[in-house]
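Residue numbers (my numbering), protein chains in the order written: chain A, 1 to 203; chain B, 204 to 406.
The beta carbon of each residue, even a glycine, is placed where N, CA and C say it ideally should be.
There are 2 protein chains.
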Amino acid sequence: MPDDTTRIQKNRRAQILEAGLDVFSAEGFNGATLDGIARAAGLSKPNLLYYFPSKEAVYVALLNGLLDTWLDPLRALDPAGDPVEEVLGYVRRKLHLARDYPRESRLFAGEILRGAPQLQPELSGTLRRLVDTHARQIGDWMAAGRLATSDPHHLIFSIWALTQHYADFEVQVRAVLGAERDPWAEAEREVQAHFARVLTPTG
Amino acid sequence: MPDDTTRIQKNRRAQILEAGLDVFSAEGFNGATLDGIARAAGLSKPNLLYYFPSKEAVYVALLNGLLDTWLDPLRALDPAGDPVEEVLGYVRRKLHLARDYPRESRLFAGEILRGAPQLQPELSGTLRRLVDTHARQIGDWMAAGRLATSDPHHLIFSIWALTQHYADFEVQVRAVLGAERDPWAEAEREVQAHFARVLTPTG
DNA sequence: TGAGATTTTGACCATCCGGTAAAGCGACGT
DNA sequence: ACGTCGCTTTACCGGATGGTCAAAATCTCA
Chain A
1 MPDDTTRIQK
11 NRRAQILEAG
21 LDVFSAEGFN
31 GATLDGIARA
41 AGLSKPNLLY
51 YFPSKEAVYV
61 ALLNGLLDTW
71 LDPLRALDPA
81 GDPVEEVLGY
91 VRRKLHLARD
101 YPRESRLFAG
111 EILRGAPQLQ
121 PELSGTLRRL
131 VDTHARQIGD
141 WMAAGRLATS
151 DPHHLIFSIW
161 ALTQHYADFE
171 VQVRAVLGAE
181 RDPWAEAERE
191 VQAHFARVLT
201 PTG
Chain B
204 MPDDTTRIQK
214 NRRAQILEAG
224 LDVFSAEGFN
234 GATLDGIARA
244 AGLSKPNLLY
254 YFPSKEAVYV
264 ALLNGLLDTW
274 LDPLRALDPA
284 GDPVEEVLGY
294 VRRKLHLARD
304 YPRESRLFAG
314 EILRGAPQLQ
324 PELSGTLRRL
334 VDTHARQIGD
344 WMAAGRLATS
354 DPHHLIFSIW
364 ALTQHYADFE
374 VQVRAVLGAE
384 RDPWAEAERE
394 VQAHFARVLT
404 PTG
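Printed below as a string of structure tokens:
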């Protein structure tokens with residue numbers, strides 16, 4: 001009783017999702033067209049619709065598949081580790097995620113920016129619970145004097161905001177820095193230093 | 204020789220821009236429809252097109268009108284003031300701008316997210332020059348030991364990222380914090396404290 | 001090889017959308 | 001009273017787009 005999806009089905013679905021990620025992240029849900037996605041996937045439009053029932057289905061499949069990956073770095077926080085190191089590690093992983101998967105980051109950003117029509121349940125469900133859990137962890141570290149004190153939720157927001165900024169607003173960052181500079185290399189240094197300052201408790 | 208635009212033209216154009224801001228910021232350029240904008244403005248679609256030649260014209264009119272307002276807080280940096288106070292003041296003004304004009308913030312974010320098809324010249328022109336100027340000012344303050352040292356450009360990015368996050372990703376912020384909490388009130392406190400920590404030079 | 005299931009295609013459809021054309025309407029000056 | 005000018009509306013068009021369908025091509029496996 002192994003799954004009844006053939007090898008070719010797996011491949012085609014993967015192709016379509018890859019193409020959908022490309023197109024949706026660049027044009028947004030409304031800007032993307034089935035023809036465009038199909039072309040990017042090397043298929044005809046009806047062929048694409050043989051594997052997914054609708055444009056929206058491709059979109060939500062992408063979003064759902066994304067959320068877990070996106071939240072993994074947060075889950076990796078180790079209560080037994082050194083607090084500053086742990087949170088800085090989270091910052092680093094999140095920044096690398098934005099650097100290595102900018103299309104995913106932009107897809108996400110577009111969905112949230114439009115009011116999260118598809119993702120809202122996940123936001124106030126899975127996401128909220130996960131954040132609450134780790135915010136509590138961070139709060140404990142602060143209470144123990146092992147992290148500079150602030151509101152843990154807003155600290156997490158600041159990490160999201162800063163790391164994703166480099167992916168979501170990449171054109172702006174590049175325009176402002178100029179073509180000679182390397183945004184991601186600098187971001188690595190600067191973001192790390194920024195949060196080292198924010199997190200390290202004052203003697 | 205006074206301008207030949209009548210009073211009613213001024214009013215209608217303003218109505219249309221207001222409606223366009225509403226619709227474009229909520230649905231994005233592709234998601235927005237002329238009918239939708241016209242309805243929001245209390246006009247018929249052909250009537251709207253009597254005042255603007257195309258959908259894109261409404262959109263770019265909005266963007267152009269916006270950029271100046273958006274950059275005003277940066278221009279207000281006073282070289283003669285106290286560095287920490289000045290930059291914290293910039294943070295506060297930028298946060299208030301995001302709080303009071305979330306539609307503008309989201310319109311902007313959407314444009315950048317899609318690669319700034321309309322705004323790119325402004326980004327590498329006006330914006331870059333303005334940022335360079337003030338980055339140099341901030342750099343001087345740092346060199347004088349009156350601000351904690353970092354890369355001024357990335358410091359500015361971090362201010363943009365953090366303040367706009369509360370407007371652009373408002374649904375996510377609200378979902379994570381829960382309905383009882385007041386994101387903007389907390390943001391005011393937390394963002395201020397965050398940057399106080401980042402900016403204040405160590406003894 | 002051949003039957004049956006799976007995959008692919010081309011032709012087609014209904015709807016929506018940006019934009020146009022032309023006629024109607026109201027105020028105002030002569 | 002009438003013509004003109006500025007504003008508004010009704011009717012319409014062409015193209016794009018999401019999606020359907022039935023037939024054709026291809027693959028699988030006995």
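What number of angstroms, rounded off, separates the C-alpha of residue i from the C-alpha of residue j?
i                : j                : result
Pro256 (chain B) : Thr272 (chain B) : 25 Å
Leu88 (chain A)  : Arg242 (chain B) : 49 Å
Leu74 (chain A)  : His134 (chain A) : 8 Å
Ala175 (chain A) : Pro404 (chain B) : 29 Å
Gln164 (chain A) : Ile211 (chain B) : 44 Å
Glu18 (chain A)  : Leu43 (chain A)  : 13 Å
Arg13 (chain A)  : Leu130 (chain A) : 29 Å
Ile16 (chain A)  : Leu71 (chain A)  : 23 Å
Pro183 (chain A) : His96 (chain A)  : 13 Å
Asp3 (chain A)   : Asp35 (chain A)  : Because Asp3 (chain A) sits at a pLDDT of 49, beneath the cut-off of 50, its placement in the model cannot be relied upon, and the point is left open.
Lys258 (chain B) : Ala76 (chain A)  : 47 Å
Arg181 (chain A) : Glu383 (chain B) : 44 Å
Arg92 (chain A)  : Ser105 (chain A) : 15 Å
Ala187 (chain A) : Tyr166 (chain A) : 8 Å
Tyr262 (chain B) : Lys248 (chain B) : 15 Å
Ser361 (chain B) : Lys297 (chain B) : 12 Å
Phe108 (chain A) : Asp343 (chain B) : 38 Å
Ala32 (chain A)  : Arg339 (chain B) : 41 Å
Leu270 (chain B) : Asp371 (chain B) : 16 Å
What span of residues does the alpha helix (DSSP H) with residue i cover, start to end?
i                : result
Arg146 (chain A) : No alpha helix (DSSP H) holds Arg146 (chain A); DSSP gives it neither H nor E.
Thr272 (chain B) : Lys258 to Arg278
Gly304 (chain B) : The question names Gly, but residue 304 (chain B) in the sequence shown is Tyr. Careful: Tyr304 (chain B) lies outside any alpha helix (DSSP H) and carries neither H nor E.
Gly125 (chain A) : Per DSSP, Gly125 (chain A) belongs to no alpha helix (DSSP H) and is neither H nor E.
Glu373 (chain B) : Glu373 to Leu380
Ser44 (chain A)  : Run containing Ser44 (chain A): none; DSSP gives neither H nor E here.
Phe232 (chain B) : Arg210 to Gly234
Pro79 (chain A)  : Careful: Pro79 (chain A) lies outside any alpha helix (DSSP H) and carries neither H nor E.
Arg114 (chain A) : No alpha helix (DSSP H) holds Arg114 (chain A); DSSP gives it neither H nor E.
Phe195 (chain A) : Pro183 to Leu199
Could you tell me whether any Cβ in chain A is nearer than 7 Å to the Cβ of residue i?
i                : result
Arg400 (chain B) : yes
Arg309 (chain B) : yes
Ser361 (chain B) : yes
His357 (chain B) : yes
Leu269 (chain B) : no
Gln375 (chain B) : yes
Ser327 (chain B) : yes
Ser257 (chain B) : no
Gly342 (chain B) : no
His368 (chain B) : yes
Ala388 (chain B) : no
On a CA-only basis, which of the options is nearest residue i? Give me that one, please.
i                : options                                   : result
Leu162 (chain A) : A:Ala179, A:Val84 and A:Arg99             : A:Arg99
Val374 (chain B) : A:Pro152, A:Trp141, A:Asp140 and A:Glu122 : A:Glu122
Tyr50 (chain A)  : A:Lys10, A:Ser105 and A:Lys94             : A:Lys10
Leu63 (chain A)  : A:Thr33, A:Gln118, A:Ile156 and A:Gly36   : A:Gln118
Gly381 (chain B) : A:Asp168, A:Gly125, A:Pro46 and A:Arg189  : A:Gly125
Ala61 (chain A)  : A:Gly31, A:Tyr90, A:Ala32 and A:Leu21     : A:Leu21
Val376 (chain B) : A:Ala41, A:Ile37, A:Tyr90 and A:Leu127    : A:Leu127
Arg306 (chain B) : B:Val226, B:Ile359 and B:Leu251           : B:Val226
Does residue i get closer than 7 Å to chain B when you measure Cβ to Cβ?
i                : result
Arg129 (chain A) : no
Gly20 (chain A)  : no
Asp3 (chain A)   : The pLDDT assigned to Asp3 (chain A) is 49, lower than 50, so where the model puts this residue is not dependable; a value taken from the coordinates is nonetheless given after this. Cβ-Cβ to chain B under 7 Å: no for Asp3 (chain A).
Ala175 (chain A) : yes
Ile112 (chain A) : yes
Gly36 (chain A)  : no
Glu188 (chain A) : no
Phe169 (chain A) : yes
Leu204 (chain A) : Given that chain A is displayed from residue 1 to residue 203, the structure contains no residue 204 (chain A) and the question cannot be resolved.
Asp100 (chain A) : no
Ala116 (chain A) : yes
Asp182 (chain A) : no
* Asked: Three or more beta-carbon pairs under 8 Å between the segment 230–244 of chain B and the segment 388–398 of chain B, yes or no?
  -> no
* Asked: Should the segment 145–157 of chain A be regarded as contacting the segment 314–330 of chain B, the criterion being three or more beta carbon pairs within less than 8 Å?
  -> no
* Segment contact, 8 Å Cβ cut-off, at least three pairs: the segment 77–92 of chain A with the segment 136–144 of chain A -> yes
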